[in-house]
Amino acid sequence: MTAATLTTVLQAIALTLAGVLAVGTVLVRDPLRQVVVFSLFGLSLVIVFALLMAPDVAIAEVAVSSIGVPMVLLPVIYKTHGGGRG
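Residues in the sequence shown are numbered consecutively from 146, following my numbering.
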């Protein structure tokens, strides 16, 4: 197996994983679990971007979808779903 073939196979696997996690994000109904699945989806996109030779985009994706968005959404979920009473 050549290096190009191996890279293509890894890209296909990573894109499939990203697609499955994207659908999973939409299908999960609990907001807290949805944030977790969305973070995993973001990490899968980081892998995709790294395999596609776009390290700058991968770094930005780590910052936004795996760290930034959950830090914004988790307090909102806590406040709106009864955790912030009193």
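Ideal Cβ positions, reconstructed from N, Cα and C, are used throughout, including at glycine.
Of the listed residues the options, nearest to residue i (C-alpha basis)
i: G164; options: A208, A205, M216, I192; result: I192
i: Q156; options: L196, A148, A203; result: L196
For residue i, three-class secondary structure by DSSP
i: L197; result: coil
i: M146; result: coil
i: R174; result: coil
Backbone CA spacing between residue i and residue j [nearest angstrom]
i: G213; j: V154; result: 30 Å
i: S189; j: T152; result: 16 Å
i: L162; j: D175; result: 21 Å
i: L219; j: R178; result: 10 Å
i: A167; j: F194; result: 15 Å
i: S184; j: M216; result: 11 Å
i: V181; j: T170; result: 9 Å
i: A205; j: A159; result: 18 Å
Range of the contiguous alpha helix (DSSP H) that encloses residue i
i: V217; result: 214-225
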